[in-house]
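Here is the structure we will look at.
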Amino acid sequence: MDSYEALLDKAIEELPEQTNEGDRFNIDKVIGHLEGSKTIIVNLKKIAKDLGRDPDHLLKYLLRELATSGKFVRDQAIFAAKVAASIINKKIKKYVSEFVTCSECGKPDTNLLEEKSVTYLKCQACGSKKPVKTI
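When you line the sequence shown up against this note's numbering, it's residues 44 to 178, in that order.
So this is what it looks like as structure tokens:
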């Protein structure tokens, strides 16, 4: 009969290689271009879907943070100002920290719930519930 250490070494050797080095929750970078004095973002709806949030909620947040107007036209978000992609990406990260990740456990497994005109961030992983500001 093999010793415990030998069996442990054999088990470690047979483990598959780690293929995903990063976090399981990755946020895509925005893809877009400038058109005159407007900024067109083509993947904002996909980013919102990946975050598990309503695209209109994300757009409303970005418009408030960037102090500009805008709207969705088909699948594209159109901002009425020239905005660098790096700034939009920073604002999306800020959105994720406020409206997606749990402040207790840090996991992105959350939902936005509205109760009595107050919006809460409810974590599915740890069960915590905290109010979030209204956009």
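Just so it is clear, CB atoms sit at the ideal spot from N, CA and C, and this is done for glycine as well.
Isoleucine 130 sits in a helix when the DSSP states are folded into three classes. Spatial neighbours of alanine 124 in its own chain (CB-CB distance under 6 Å, excluding positions within 5 residues in sequence) are listed in chain order as Thr111.
For alanine 120, the uninterrupted beta strand (DSSP E) run begins and ends at 119 to 122, by DSSP. Looking at the backbone, the Cα of isoleucine 90 and that of valine 73 are separated by about 8 Å. Ranked by how close their Cα comes to the Cα of glycine 79, the residues Asp97, Ile121 and Ser129 have Ile121 in first place.
Leaving aside the five residues that flank lysine 103 on each side, the residues in its chain whose CB is nearer than 7 Å to its CB run, in chain order, Ile178. When secondary structure is reduced to three states using DSSP, leucine 77 falls in the strand class. Looking at Glu157, Cys148, Tyr47 and Phe115, the one whose alpha-carbon comes closest to that of threonine 82 is Phe115.
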